[in-house]
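Colleague:
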Amino acid sequence: GYMTPEITGKFPGYLSPSLDLKFSDIPNGLAAFSKMPALGWAQIAAYMGFVELSGGFDDYRTGTPGDYGWKALTSSDPAERTKK
Numbered sequence: 026g027y028m029t030p031e032i033t034g035k036f037p038g039y040l041s042p043s044l045d046l047k048f049s050d051i052p053n054g055l056a057a058f059s060k061m062p063a064l065g066w067a068q069i070a071a072y073m074g075f076v077e078l079s080g081g082f083d084d085y086r087t088g089t090p091g092d093y094g095w096k097a098l099t100s101s102d103p104a105e106r107t108k109k
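Below, the structure is given as structure tokens:
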């Protein structure tokens with residue numbers, strides 16, 4: 026994000042103590058991609074994988090695709106459901 030650090034400030038302390046990298050050393054916006062350590066990216070990817078695989082996997086296999094149980098998103102009409 027660009028706006029949030031500009032408005033609220035950044036966390037105090039270190040992003041990576043072993044690399045002597047502080048949160049304040051990370052620029053805002055797209056420039057932050059090149060400053061983030063590779064292990065930080067690996068941690069984000071591992072967490073994303075955990076979230077994707079940890080919950081609702083049985084519902085995915087046994088449930089009806091596209092049926093989320095919300096009236097705004099589901100329909101009893103099969104043709105209407107394919108459009109959503």
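Residues in the sequence shown are numbered consecutively from 26, following our numbering. Heads up, the beta-carbon is just placed ideally off N, CA and C, and yes, glycines get one too. None of these values were measured; they are calculated from a predicted model.
Please report the straight-line C-alpha distance between T29 and K108, rounded to a whole angstrom.
Modeller: The residue you call residue 29 lines up with position 4 of the sequence shown. The residue you call residue 108 lines up with position 83 of the sequence shown. Going by the C-alpha atoms only, they are around 36 Å apart.
Colleague: Out of curiosity, what's the CA-to-CA distance linking L55 and P103?
Modeller: Here residue 55 refers to the residue found at position 30 when the sequence shown is read from its first residue. Here residue 103 refers to the residue found at position 78 when the sequence shown is read from its first residue. About 43 Å.
Colleague: How is the alpha helix (DSSP H) around S59 delimited, first residue to last?
Modeller: The sequence position of residue 59 within the sequence shown is 34, counting from 1. First-last of the alpha helix (DSSP H) with S59: A57 to K60.
Colleague: Report yes if the CB atom of K60 is closer than 7 Å to the CB atom of S49, and no otherwise.
Modeller: Locating residue 60 in the sequence shown gives position 35, where the first residue counts as 1. Locating residue 49 in the sequence shown gives position 24, where the first residue counts as 1. The answer is no: Cβ separation not under 7 Å.
Colleague: On a CA-only basis, which of L78, G65, P62 and I51 is nearest E31? Give me that one, please.
Modeller: For the purposes of this step, residue 31 is taken as the residue at position 6 of the sequence shown. Residue I51 is the option with its Cα nearest to E31.
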